[in-house]
Structure formats: C-alpha cells, structure tokens
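Novice: Counted from 1, the sequence shown has number 511 at position 511 by the UniProt record's numbering; the numbering is strictly sequential.
Backbone N, C-alpha and C define an ideal beta-carbon position, used for all residues, glycine too.
Since the model is a prediction, treat every value here as computed from it, not as a measurement.
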Amino acid sequence: MKAKACTKCRQWKARCEYGGDASEGCTRCKALKLPCVFDASFKRTSKARSIQMMSSKIQELQQALREATPSNGSSNQSHEHSSDVLVSPNWTSQLPSLAEPNGEGPLNPLVLSQPGSMALGGPTAAYRTNTGVALTYGQVNEHFRTYFARCHQYLPFKMTTRSAEAVYSKCSLLFWVICTTAASWKLRSQLAPAVKAMLAETLHSRPVYVEKVQALLIMAMWPFSVSSVNEDASHYYGCIATQMALQLGLHRPTQTHIHAHGSLESESALNVDEEVKTTTWLSCFVVNQKLSAICGVPPSIIVDIHLLNAFESKVVGVRLSQLCRVYHMSMQANLAIGTNGSTPSGMLEPETRLNMVKVWGEHFSTLQAQHLEDMDNVVRTAFLTSRLQLWSFILLDDMLVSPEMLSLVESARQDACDLIELCYSQNLSIVPACVRHAMCYSALVLVKLLRSGYSAESEVLQDSIDRARQALKSTVTSPDDIHRKASETIQKLLYIEDKKISPQIYTRMGASVVYDLLRIWSEHKYGILPNELPDDQTIDLEGFDWNFLGMLG
Numbered sequence: 001m002k003a004k005a006c007t008k009c010r011q012w013k014a015r016c017e018y019g020g021d022a023s024e025g026c027t028r029c030k031a032l033k034l035p036c037v038f039d040a041s042f043k044r045t046s047k048a049r050s051i052q053m054m055s056s057k058i059q060e061l062q063q064a065l066r067e068a069t070p071s072n073g074s075s076n077q078s079h080e081h082s083s084d085v086l087v088s089p090n091w092t093s094q095l096p097s098l099a100e101p102n103g104e105g106p107l108n109p110l111v112l113s114q115p116g117s118m119a120l121g122g123p124t125a126a127y128r129t130n131t132g133v134a135l136t137y138g139q140v141n142e143h144f145r146t147y148f149a150r151c152h153q154y155l156p157f158k159m160t161t162r163s164a165e166a167v168y169s170k171c172s173l174l175f176w177v178i179c180t181t182a183a184s185w186k187l188r189s190q191l192a193p194a195v196k197a198m199l200a201e202t203l204h205s206r207p208v209y210v211e212k213v214q215a216l217l218i219m220a221m222w223p224f225s226v227s228s229v230n231e232d233a234s235h236y237y238g239c240i241a242t243q244m245a246l247q248l249g250l251h252r253p254t255q256t257h258i259h260a261h262g263s264l265e266s267e268s269a270l271n272v273d274e275e276v277k278t279t280t281w282l283s284c285f286v287v288n289q290k291l292s293a294i295c296g297v298p299p300s301i302i303v304d305i306h307l308l309n310a311f312e313s314k315v316v317g318v319r320l321s322q323l324c325r326v327y328h329m330s331m332q333a334n335l336a337i338g339t340n341g342s343t344p345s346g347m348l349e350p351e352t353r354l355n356m357v358k359v360w361g362e363h364f365s366t367l368q369a370q371h372l373e374d375m376d377n378v379v380r381t382a383f384l385t386s387r388l389q390l391w392s393f394i395l396l397d398d399m400l401v402s403p404e405m406l407s408l409v410e411s412a413r414q415d416a417c418d419l420i421e422l423c424y425s426q427n428l429s430i431v432p433a434c435v436r437h438a439m440c441y442s443a444l445v446l447v448k449l450l451r452s453g454y455s456a457e458s459e460v461l462q463d464s465i466d467r468a469r470q471a472l473k474s475t476v477t478s479p480d481d482i483h484r485k486a487s488e489t490i491q492k493l494l495y496i497e498d499k500k501i502s503p504q505i506y507t508r509m510g511a512s513v514v515y516d517l518l519r520i521w522s523e524h525k526y527g528i529l530p531n532e533l534p535d536d537q538t539i540d541l542e543g544f545d546w547n548f549l550g551m552l553g
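1. Tell me whether M351 is buried or exposed, calling it buried when 16 or more other Cβ atoms sit within 10 Å of its Cβ.
2. Distance check for S458 and residue 575, CA to CA, integer angstroms please.
3. Does the beta-carbon distance from T242 to C284 come in below 7 Å?
4. Would a C-beta distance cut-off of 7 Å place N334 and G510 closer than the cut-off?
5. On the DSSP letters alone, give me the boundaries of the beta strand (DSSP E) that A134 sits inside.
6. Kindly list the residues whose CB is nearer than 8 Å to the CB of R519, restricted to its own chain and excluding five residues on each side of it in sequence; keep chain order.
7. For residue 593, name the three-state secondary structure that DSSP assigns.
8. Cα separation between D466 and V303?
9. Can you tell me the Cα-Cα spacing of L246 and A412, whole angstroms?
10. R423 lies in the alpha helix (DSSP H); which residues open and close that run?
11. Would you say L323 and A382 are within 7 Å of each other, going by their C-beta atoms?
12. Please give the ranges of any beta strand (DSSP E) in the segment 335-383, keeping only runs that are unbroken, at least 3 residues long and fully inside the region.
13. From the DSSP output, in three-state form, read off H524 for me.
14. Using only the alpha-carbon positions, how far apart do I496 and I490 sit?
15. Evaluate contact between the segment 200-218 and the segment 156-168, counting only Cβ atoms and requiring at least three cross-stretch pairs below 8 Å.
16. Give me the residue from A40, R206, S365, I420 with the minimum Cα distance to V326.
17. Run the CB neighbour count on Q332, radius 10 Å, all protein chains shown included, and call it buried at 16 or more, exposed below.
18. Apply the 10 Å Cβ neighbour rule to N340 and answer buried if 16 or more other Cβ atoms are within range, or exposed otherwise.
19. Please report how far the alpha carbon of A471 lies from the alpha carbon of S46, in whole angstroms.
20. Out of curiosity, what's the CA-to-CA distance linking P123 and A134?
21. Tell me which residue opens and which closes the alpha helix (DSSP H) that I178 is part of.
22. Decide yes or no for the touch test of the segment 137-156 against the segment 170-187: beta carbon pairs closer than 8 Å, at least 3 of them.
23. If contact is defined by three or more beta carbon pairs under 8 Å, each pair taking one atom from either stretch, is the segment 289-299 in contact with the segment 472-486?
24. Measuring CA to CA, which of N355, A164, R380, A416 is closest to I394?
25. Looking only at its own chain, which residues have a Cβ that is under 8 Å from the Cβ of L422, when we skip the five neighbours before and after it?
26. Enumerate, from N- to C-terminal direction, the unbroken alpha helix (DSSP H) stretches of 4 or more residues contained entirely within the segment 453-514.
27. Here's the rule I'm using: 16 or more other beta-carbon atoms within 10 Å means buried, otherwise exposed. How should Q389 be labelled?
28. Just confirm the distance between the C-beta atoms of S442 and L419, as a whole number of angstroms; I'd bet it's less than 8 Å.
29. Could you pull the start and end residues of the alpha helix (DSSP H) that H235 belongs to?
30. Which of the three DSSP states, helix, strand or coil, is assigned to Y441?
31. How would you call S321, buried or exposed, if buried means at least 16 neighbouring beta carbons within 10 angstroms?
32. Provide the residue span of the alpha helix (DSSP H) that contains E201, from first to last.
33. Nearest CA to the CA of K499: which residue from S487, L517, E523, I482?
34. Could you tell me whether the Cβ atoms of C9 and V37 are closer together than 7 Å?
35. Using alpha carbons as the reference points, say which of E312, R319, L282, Y236 lies closest to L372.
36. In this structure, how does DSSP classify H251 when only helix, strand and coil are distinguished?
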C-alpha cells in the first residue's frame, strides 16, 4: 500500500500536494529542495521527542567544542571592545523560529562567558565556558518580553529598536542590562560580574551614543543587590548617564550635531529620532531627581525652558510627562525649603518652613488636578513619595506644635499609609529599587510619628509598619541583604531612646527625618560618635550603614 503523503509532510502534519507525476516530488519538498520520500511504514516523531533529540545533539556538540577549544582561547573578532560576534547559520536554521513580541524577527542563541566577554552564536563558536553563564534564545526572548511588559513602564523612554538581536548589534551593554533586569535574582547574581565589568569599561570606551545612556539609566533604577550602601553604584550610573547625554546634546534634541565630538558620535546622534533623544533626556531628569531625593542632596540637572517645554511635547508619552512634572515640583519644594534657606543647614526657620510647606502642598494639589487626574500606579507612587517628603519637613523636632502643624502631620500619616499599601500591592521582585526605597521611607516616617506621639492611632501605624517590614523582608536575597537590615532597624527604632550625643540632622532636605532617625540608631548601637573611637578600633557598620548614606527616599 502506497502512502498518500510524503514523510516530510506527515512529520509536519501538512497537506502533501504534487502534480500529475508523483515521482517528481510534492510542491513543498521541491520548494525546499528536499528529497520527497513516500514510506507507508513511516511513523511521525513527536515534538517532545524531537526537542529531546536536538538537546542531546547540542550537548554532544558543546562537549566536542570544549575538548577542541583551548581554555585560554579567545576570538579575534571584537564588538564594542567587549563582545565577540560569531554567527552560525546552520545552528540557527535548526531551531524553531521564535519571534520578538513586536514581530521584528527571530532571536539567535547568545552566550555570556567570562566577565567582559560576549559571544553570539551556536556550539561552533569559540567561547569560554568554565566560568560562564549561558542564555538560550528562548531565555533571551522571555527576558526581553518581561522587561518591556513589566519594567519599562517605570522608565518609559523610546528606543531605536526593541528587537533583542538588533539591540545586541547596536549596544551589547544595553542588551545584557535588559536581560539582567528581567532575570531572576539567582541569574542576576550570576550575570553581575560580567555586566559590572562592561559598565566599568563604558567609562573609557568610545564612541558615546544614546543606547549606552539608556543602559546606564536602567542600571541606576535596577541596581544589583548589595549588603552596604557603599557598594551601590546607582547614583554614579545616573550621573554618568546624564553627562553622556549632555555630550550627545540630548538636552537640545534638534541640535545634536553641535554637541557630538567625534564622527562616530555625530553620525550616531544624527541617525536617532528626536523622540528617542527627548525621552531619553527626560528619563535622565527623572532618574536624577529620584536618586537625589533618596540621598537628600540637591539635583545636578538644571531645569531650563527647553526641558519644561518637553513636558508638553507630542513625542513624550503621558506617563513620562507626568513623572517629570511630579519630580520637577518635588525638586522646587526641596530647594526652596531645605537647601536655599538662611540657616547653616539650608533649612528654613520653623515658622517660615511651616508656611512654605502649606504653600507647596497647595501646589501639589493643583498639579494633581490639572495634570494627574489619570495617574497609574507608577506615577502615583512617585507623587505620594514626593508629597510625603514635603510633609516630612514639619516632622523635625524644632517645629512648634500647633493646629496647622498637626493638620499637616495627619496628611503625612495618610500619605505614608497609602504609599505602603500601594507598594505592597506591587511585585517587589521586579519593580525598580526606588519603590522599595519609598516603602522604607514611609515606614520610617510612621516610626517618627509614633516616637513623637503626634498620632493617636498607634495600632494602625504599627500595622502599616509591620506590613512594610514584611514586604521588605520578602525581597531579601542573602543573609546580609540591605532589605533585611532595613526591616530590623525599623523595628528597633520604635523603642530605643534618643541619646542626643550628636546634633540633629537637618541637612538632608526631604530625607532629613529619616537620616535623623538613623543618627538615633547609630548612637544607640555604638554609644559614642565614630570620631571619638580610639585609633586602634573601628566601628562594625553591619546592620547600620545600609542606608545611613543613601538607602532612603
């Protein structure tokens, strides 16, 4: 009995069509230039079995490659001074096509080997595997999908492309930063050494172009886990991104050719759309404001008429425009109340400060009514955090208690509880670090209210604090993780006494309340000031310095 369909069509479950002479083969086999075989005894191989066989073959090829490649071998092809590009057409043709979510084409398998070394290709590519981390084409596709679906909304700049393959060809640093941001905590820790090496090399490599700026902005928002704030390079990444953006002239998107220094920078900048330039510069502004507020220091980006006009630009999305407006308002309030005052700390005198907080509170209400009626969770988190920093100016101990002051204290309590609830409802494993900072900041403001006795609802405040501590502990990735230390310190600050060994802290703008609480914790733990220790002793900052310099915001 002769088969009605050839073996290839039966394997693919496709209709087998052929002309008058079946001996010439079916139309599909002729188009693919494959032998057309009719076999009645042929049995189709299941998809699971095919994948298993392919996986076994891949492992065999990889093992053969390891045995044939010297351990200290390296490719002589370079890409952006830190990556090797080795393409194997036969390898990619054996894999099923898996397209990027926007349909821009299939992805190739990519391999991250030793720190600073990249390779794109299959098992025939020469790369090191003894200390490497391998990502399959499927993992890359999933990481890109996750990033744009769940992460990019927090920093919504426009990109020249969203295809993983195209991003890699333009900027391997941006490619690996996106993969790292969307990866699991375990994979992030494995990728960290190589990505950190690439970030360090960025300082000394040329040319500078917009994709590098975007990569640094993402790393500033999603830094690697650290056990001490001294290890956190977020602020440095944000500052470097800002300087690169200024060199490229992104703050003047229609005149970029004036600022680009080299021919490669100039050509790259001119080929980037105004939409990409404008939104990237606004993202620099947002990141700069976020990190400055967390550290309690003045921002480094000067607001001019061009930046303000960009808030109204048609090329800027609603979310990014709203974020810029919120942080612009917050920056103005912080500078007016906590930096440009006549006192040595920069803080306004208590009575003047109270009046200014009321004025800026009204400005926030006006901003909300005019531009933020349709806030999503991203913008709402930024808005509540910024307004809570405004209220915190009246929570310092030099303020005199009055009905007006207590009214603002109630506003601070409500915003802190709302912010904790909002952050608690989000997936803290994927959100940027600033969301966890906001939750920590809110909990410490509530601790201040409990210590001051300003609120009669102590049980409600305690419940919110416990919820914040529970959420922070859920993000712990190691025994010495800063979030575990934050949770423990928040709990202890509810009960310890202020020994008043050192002056109160008023120099940290909207974060002064939180830094002053950490002063109390420091004096309780060590009993004396660090500069009073004998020369042969040092302070063990374990459990303390996680945010004494910058974990807050």
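Specialist: Working from what's here:
1. Checking the sequence, you will find Glu at residue 351 rather than Met. It is exposed - the Cβ of E351 has fewer than 16 other Cβ atoms within 10 Å.
2. The shown model of the chain, from 1 to 553, leaves out residue 575, and the question about it has no answer.
3. Yes. Within cutoff.
4. Contact flag set, yes.
5. Segment 133-135, the beta strand (DSSP E) holding A134.
6. Within the same chain, Cβ atoms closer than 8 Å to the Cβ of R519 are found at S502, Q504, I505, the five residues on either side in sequence being excluded.
7. The displayed coordinates of the chain run from 1 to 553. Any statement about residue 593 would go beyond what the structure contains.
8. Cα to Cα, the separation comes out at about 39 Å.
9. In this structure, the straight-line span from the alpha carbon of L246 to that of A412 is close to 37 Å.
10. Position check: residue 423 holds Cys in this sequence, whereas Arg was assumed. The continuous alpha helix (DSSP H) containing C423 extends over residues 403-424.
11. The answer is yes: Cβ separation under 7 Å.
12. Counting whole runs of 3 or more residues, the segment 335-383 contains no beta strand (DSSP E) stretch at all.
13. Residue state, collapsed to three classes: helix.
14. Each residue's alpha carbon lies about 11 Å from the other.
15. Yes, the segment 200-218 touches the segment 156-168.
16. Closest by alpha carbon: S365.
17. Using a 10 angstroms sphere on the CB of Q332, the tally of other CB atoms stays under 16, which defines it as exposed.
18. Exposed, since its Cβ has fewer than 16 Cβ neighbours within 10 Å.
19. If you draw a straight line from the Cα of A471 to the Cα of S46, it is about 45 Å long.
20. Because the pLDDT at P123 is just 37, under 50, the model does not fix this residue reliably, and the value given afterwards should be weighed accordingly. So the two alpha carbons sit approximately 11 Å from each other.
21. Element bounds for I178: 172-182.
22. Yes: the two stretches touch, three or more of their Cβ pairs being nearer than 8 Å.
23. Output reads no: the segment 289-299 does not touch the segment 472-486.
24. Closest by alpha carbon: N355.
25. Counting only Cβ-Cβ distances below 8 Å, and skipping sequence neighbours, we find N377, R380, T381, L384.
26. Unbroken alpha helix (DSSP H) runs of no fewer than 4 residues, entirely contained in the segment 453-514, are found at 458-473, 482-492, following chain order.
27. Flag for Q389 reads buried.
28. Indeed, because the Cβ distance is near 5 Å, the residues count as touching under 8 Å.
29. Note, H235: alpha helix (DSSP H), 234-248.
30. In the three-state DSSP reduction, Y441 falls in the helix class (H, G or I).
31. Of the other Cβ atoms in all chains shown, 16 or more fall within 10 Å of the Cβ of S321; this residue is therefore buried.
32. It spans 185-202 - the alpha helix (DSSP H) in which E201 sits, taken as one unbroken run.
33. Of the listed residues, the one whose Cα sits closest to K499 is E523.
34. The beta carbons of C9 and V37 sit no closer together than 7 Å.
35. Here the closest residue by C-alpha is R319.
36. Looking at H251 - three-state DSSP - the assignment turns out to be coil, as it is neither helix nor strand.
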